Amino acid sequence: MALTVEEITRLLGTKGQRQYGREAVSQLEHALQCAQLAEEAEETSETVVAALLHDFGHLLAAERADEVARAQQQRDDLHQYIALPFLRGLFAPAVLEPIRLHVDAKRCLCAIDSGYWDTLSPASKRSLELQGGVYTPEEAQRFMTQPFAAEAVRLRRYDDSAKVPGQATPPLAHYMRIAQALASQAQPAREKLTAL
């Protein structure tokens with residue numbers, strides 16, 4: 023069920039041309055800007071790839087674009103979970119977990135950072151309500167104890183800033199080389215597990 027790096031590249035290059043929700047950038051522009059912010063912050067390769075692929079579930083859901091568009095107006099599409107089965111065969115938890123947690127990181131940040139809500143775009147504020155709203159202080163504290171929660175919070179901040187029309191970024195090929203290197207590193211571990 024896992025996709026190859028080539029298939030991920032193709033989907034980002036084609037379906038990624040679509041507008042990113044109600045933002046003024048495409049899905050691909052958003053992904054590249056997010057990865058660039060992570061790279062500029064000297065994050066690990068795993069966090070950079072997580073930043074690139076954090077919204078990959080939206081592209082997979084685009085197979086049913088009209089149905090999803092109607093549904094998104096009434097409920098959350100759970101995009102943070104959709105991509106995981108397609109990426110799990112390629113990447114380690116250090117890539118997958120920040121992707122899984124990035125929506126909850128927004129809910130957490132609204133609870134622990136008094137100015138965070140004001141930084142969100144109108145579309146992000148709307149999706150927050152569909153995603154369950156702001157965490158209670160107790161929920162935020164529990165969230166932060168999870169492995170990779172800190173990476174997810176940083177990814178979330180890159181996500182929120184990665185919506186600048188016309189922003190220059192490295193090309194998709196640059197980040198896919200990083201993704202390929204991580205996938206190649208994970209391959210021997212997968213083969214060893216399969217052999218057991």
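Position 143 (the sequence shown) corresponds to 165 in the numbering used here; numbering is contiguous.
C-beta: ideal position from N, C-alpha, C; glycine also.
Since the model is a prediction, treat every value here as computed from it, not as a measurement.
The way I'd put it, the segment 65-80 does touch the segment 102-116; three or more beta-carbon pairs between them come closer than 8 angstroms.
Ranked by Cα distance from Val156, the options Glu173, Ala172, Lys128 and Ile121 are led by Lys128. Contact check for Leu177 against His124 passes: the beta carbons are separated by less than 8 angstroms. In the structure shown, the three-state DSSP call for Ser206 is helix. Looking at the DSSP output, Ser48 sits in a beta bridge with Gln41. Following the DSSP letters along the chain, one finds Tyr157 in no alpha helix (DSSP H), marked with neither H nor E. Note that the segment 159-178 touches the segment 115-124; at least 3 beta-carbon pairs, one per stretch, sit closer than 8 angstroms. In this structure, Leu34 and Leu194 form a Cβ contact; the two beta carbons are roughly 6 angstroms apart against a cut-off of 8 angstroms.
A Cβ-Cβ separation of about 22 angstroms leaves Lys185 out of contact with Ser136 under the 8 angstroms criterion.
Here the C-alpha atom of Asp126 lies approximately 28 angstroms from the C-alpha atom of Glu29. Contact check for Ala174 against Ser67 fails: the beta carbons are separated by 8 angstroms or more. For Arg110, the three-state secondary structure derived from DSSP is coil. Between the alpha carbons of Tyr197 and Leu50 lies a gap of roughly 12 angstroms.
Per DSSP, reduced to three states, the secondary structure at Glu64 is coil, with no helix or strand assignment. In chain order, Pro107 place their CB closer than 6 angstroms to the CB of Met23, counting only its own chain and leaving out the 5 sequence neighbours on each side.
By the beta-carbon neighbour count (other beta carbons within 10 angstroms, threshold 16), Ser149 is buried. In this chain, the alpha helix (DSSP H) harbouring Gln102 covers His101 to Ile104.
Excluding its 5 nearest sequence neighbours in each direction, Ala201 has C-beta neighbours in its own chain below 6 angstroms: Val27 and Val71, listed in chain order. Residue state for Leu25 is assigned as coil, using DSSP reduced to three classes. Annotated three-state conformation of Ser146 is helix, per DSSP.
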